[in-house]
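See below for the structure under consideration.
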Amino acid sequence: MKDLNKNLSNAKSSSSTTTGWKVGSSTMAKTTFNPIRNILETMDLAPNPKKEMISLSIGDPTVFGNLKPSQVIIDAVSASVQSGKNNGYGPSTGFVPARKAVAEHVSVPGAEIDENDVILCSGCSCALDLCISALANPGQNIMVPRPGFPLYTTLAKGLGIETKEYDLIPEQNWEVDLTHMESQIDQNTVAILVNNPSNPCGSVFNKDHLKKILAIAERHYLPIIADEIYDYFVFPGQEYIPIASLTSSVPVLSCGGLTKRFLVPGWRMGWITIHDRNSVFAAEVRKGLQCLSQRIIGSNTIVQGALPTILKNTPKAFFDDTIDVIQKNAELAFSKLSTIPGLKPVMPSGAMYMMVGIDRSIFPEFENDLEIVETMVKEQSVFCLPGKCFNIKDYVRIVLTVPGESMIEACDRIAEFCHKHAKYSSSIPKGLMAMSEGSSTASDMSSSSASNSSDEEDLHMRQNQLYRKPTNISTSGFLRKESTATRLA
Ligand SMILES: Cc1ncc(COP(=O)(O)O)c(C=O)c1O
Numbered sequence: 001m002k003d004l005n006k007n008l009s010n011a012k013s014s015s016s017t018t019t020g021w022k023v024g025s026s027t028m029a030k031t032t033f034n035p036i037r038n039i040l041e042t043m044d045l046a047p048n049p050k051k052e053m054i055s056l057s058i059g060d061p062t063v064f065g066n067l068k069p070s071q072v073i074i075d076a077v078s079a080s081v082q083s084g085k086n087n088g089y090g091p092s093t094g095f096v097p098a099r100k101a102v103a104e105h106v107s108v109p110g111a112e113i114d115e116n117d118v119i120l121c122s123g124c125s126c127a128l129d130l131c132i133s134a135l136a137n138p139g140q141n142i143m144v145p146r147p148g149f150p151l152y153t154t155l156a157k158g159l160g161i162e163t164k165e166y167d168l169i170p171e172q173n174w175e176v177d178l179t180h181m182e183s184q185i186d187q188n189t190v191a192i193l194v195n196n197p198s199n200p201c202g203s204v205f206n207k208d209h210l211k212k213i214l215a216i217a218e219r220h221y222l223p224i225i226a227d228e229i230y231d232y233f234v235f236p237g238q239e240y241i242p243i244a245s246l247t248s249s250v251p252v253l254s255c256g257g258l259t260k261r262f263l264v265p266g267w268r269m270g271w272i273t274i275h276d277r278n279s280v281f282a283a284e285v286r287k288g289l290q291c292l293s294q295r296i297i298g299s300n301t302i303v304q305g306a307l308p309t310i311l312k313n314t315p316k317a318f319f320d321d322t323i324d325v326i327q328k329n330a331e332l333a334f335s336k337l338s339t340i341p342g343l344k345p346v347m348p349s350g351a352m353y354m355m356v357g358i359d360r361s362i363f364p365e366f367e368n369d370l371e372i373v374e375t376m377v378k379e380q381s382v383f384c385l386p387g388k389c390f391n392i393k394d395y396v397r398i399v400l401t402v403p404g405e406s407m408i409e410a411c412d413r414i415a416e417f418c419h420k421h422a423k424y425s426s427s428i429p430k431g432l433m434a435m436s437e438g439s440s441t442a443s444d445m446s447s448s449s450a451s452n453s454s455d456e457e458d459l460h461m462r463q464n465q466l467y468r469k470p471t472n473i474s475t476s477g478f479l480r481k482e483s484t485a486t487r488l489a
């Protein structure tokens with residue numbers, strides 16, 4: 001007790017010596033806002049104590065323990081550690097054998113690249129950061145998908161770079177609204193970001209559609225930043241086509257990594273591959289990327305040492321097994337959620353997510369999807385991410401990497417929640433099995449998009465309110481310690 005008092009009085013006197021200090025944070029720090037991380041790290045709601053938590057929120061395939069990395073890659077990293085050769089700094093762009101392995105991994109016949117076209121990064125996020133930083137100046141803009149992975153805007157905004165959204169169309173398997181995309185390009189646009197397969201939609205673009213996107217890029221002389229972190233992560237019968245393989249004129253910076261398909265997000269191994277058959281990037285962008293890589297002084301060398309083995313030797317059966325789990329969950333969730341009044345799931349074709357539309361006319365007591373998500377946590381201990389995180393209203397995103405029995409349980413609880421809260425107007429007969437077709441059109445989406453700053457402020461504000469609420473789960477409960485969910489598995 002004496003010590004405590006002493007510490008407190010020391011704290012008091014040291015705080016008086018700090019008077020006069022005014023240390024503010026940078027504009028970059030103040031303008032950096034990541035909606036997913038914000039909600040995961042600060043959302044502090046008490047789930048229903050009678051129900052174990054099932055978190056369908058974070059795109060981390062490792063949290064439930066049902067999906068494990070291949071033994072081949074664990075052995076490769078162990079060997080890399082044991083060799084003692086990979087403890088020092090590497091070149092800023094990465095060791096040559098590791099870059100060579102990535103070049104081979106992403107090359108397709110007719111669109112081959114080599115190690116000089118590869119920059120290793122600390123995860124795909126870092127790759128995206130470097131690409132955006134290399135192509136855009138403050139005041140310029142980059143086209144991004146809506147709904148889309150929010151990190152693009154998080155990274156750009158911090159750098160004073162704007163993002164302009166182009167709509168995806170749910171009724172067309174989330175293909176790009178090409179007319180809308182082209183209409184949004186202006187004299188300050190410097191690149192089009194294409195995410196295929198998509199987070200949050202789980203959609204996979206076909207060749208014809210990718211070519212149409214490339215045609216727009218070509219007409220406007222805009223390079224593509226391709227976020228291909230879910231490369232080859234597609235259901236049987238679907239085809240993943242690297243966008244760079246379809247063009248010899250449009251320069252492409254593709255961002256990828258081990259994170260998702262190899263089930264090791266924490267290893268932080270990502271890359272940029274430069275596809276530039278026309279040498280558009282030769283004058284400046286290549287050098288720019290190299291200079292920017294010197295800010296991060298290279299990526300994790302232990303994983304670099306293992307990369308050639310990881311990329312060459314991971315058995316196909318491993319990938320097939322993962323996809324099988326996700327596809328089964330997708331089919332299960334789709335069939336169950338399609339029968340719930342007011343919900344309209346959109347069946348994915350790959351990646352690990354499903355978007356579920358919400359007809360709010362059936363849930364009038366809720367003002368937005370965030371309120372639905374919050375109430376569902378409180379009542380059913382099921383946590384999905386609100387559409388707001390992806391810049392779209394009236395949707396939630398569910399993660400499909402959970403064990404099958406948790407998926408079933410989660411869907412049953414979502415059904416219970418919807419039945420409890422659904423209100424039927426006279427024009428909507430009770431027993432309506434799903435949200436009416438076409439009630440969420442592209443134009444509805446663009447008019448209802450959550451892109452304006454007041455919505456972002458609203459999300460900020462609500463998170464701050466949540467943060468202050470008394471709770472019985474930790475603030476990081478949704479992010480990493482999926483203990484209740486894991487126990488369910
Ligand atoms: C579309 C997309 N791009 C990039 C990333 C970031 O990947 P990484 O964890 O390798 O930084 C994610 C992670 O969820 C993602 O979904």
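Its first residue numbered 1, the sequence shown is counted upward by one per residue in full-length UniProt numbering. C-beta: ideal position from N, C-alpha, C; glycine also. Remember, it's a predicted structure, so these values are computed and weren't measured experimentally.
DSSP places ASP114 outside any beta strand (DSSP E), giving it a letter other than H or E.
Beta-carbon to beta-carbon, LEU292 and SER133 are separated by about 6 Å, close enough to satisfy the 8 Å threshold. Excluding its 5 nearest sequence neighbours in each direction, LYS423 has C-beta neighbours in its own chain below 6 Å: PRO364, listed in chain order. Annotation: ASN199 is outside any alpha helix (DSSP H) and is labelled neither H nor E by DSSP.
Of GLU405, ASN199 and ILE74, the smallest CA-CA separation from VAL325 is found for GLU405.
It is roughly 11 Å from the alpha-carbon of HIS180 to the alpha-carbon of ILE216. Taken through DSSP and simplified to helix, strand or coil, PRO35 comes out as helix. Per the coordinates, the alpha-carbon of ILE340 lies some 36 Å from the alpha-carbon of LEU258. Membership of ARG397 in the beta strand (DSSP E) is indicated by the continuous run 395-399. Contact between VAL252 and ALA282 is ruled out by a C-beta separation of about 14 Å, above the 8 Å threshold. Shown here, THR153 sits in a helix according to DSSP, grouped into three states.
Counting every other CB atom within 10 Å of its CB across the protein chains shown gives GLY357 a total of 16 or more, marking it as buried. LEU210 is positioned such that its CB atom lies closer than 9 Å to that of LEU246. The straight-line gap separating the alpha-carbon atoms of PRO386 and TYR395 is approximately 6 Å.
Residue range 141-146 is occupied by the beta strand (DSSP E) that includes PRO145. Measuring C-alpha to C-alpha distances from THR273 to each of GLU409, GLN238, ALA244 and TRP21 identifies ALA244 as the nearest. Counting C-beta pairs with one atom in each stretch, the region 107-119 and the region 315-332 have fewer than three that are closer than 8 Å, which means they do not touch.
Comparing alpha-carbon positions, the option among TYR240, SER248 and VAL204 lying closest to ILE224 turns out to be SER248. Taking 8 Å as the upper bound for CB-CB distance, LEU311 and ALA101 are in contact here, some 5 Å apart. Exclusion of the five residues before and after VAL77 leaves ALA306 as the residues of its chain whose Cβ lies within less than 6 Å of its Cβ.
Taken in chain order, the complete beta strand (DSSP E) segments of 3 residues or longer contained in the region 77-130 are 118-121.
At least one heavy atom of ligand 1 lies closer than 8 Å to the C-beta of CYS124. Comparing C-alpha distances from LYS316 to each of LEU130, PHE233, GLU379 and GLN172 shows the shortest one belongs to PHE233.
The region 90-101 makes no contact with the region 196-203, as fewer than three CB pairs between them are under 8 Å.
Minimum Cα-Cα distance from ASN141 among the listed residues LYS287, VAL402 and GLY158 corresponds to GLY158. Here TRP267 carries a helix assignment [DSSP, helix/strand/coil]. Here ARG146 is near ASN391, since their CB atoms are less than 9 Å apart.
Note that the C-beta distance between VAL402 and LEU56 is below 9 Å. Under a 10 Å Cβ-count criterion, MET28 is classified as exposed, with fewer than 16 other Cβ atoms of the shown protein chains found around its own Cβ. Nearest Cα to ALA415 within the set SER361, LYS388, GLN327 and SER335: SER335. In the three-state scheme derived from DSSP, where H, G and I count as helix and E and B as strand, HIS421 is classed as helix.
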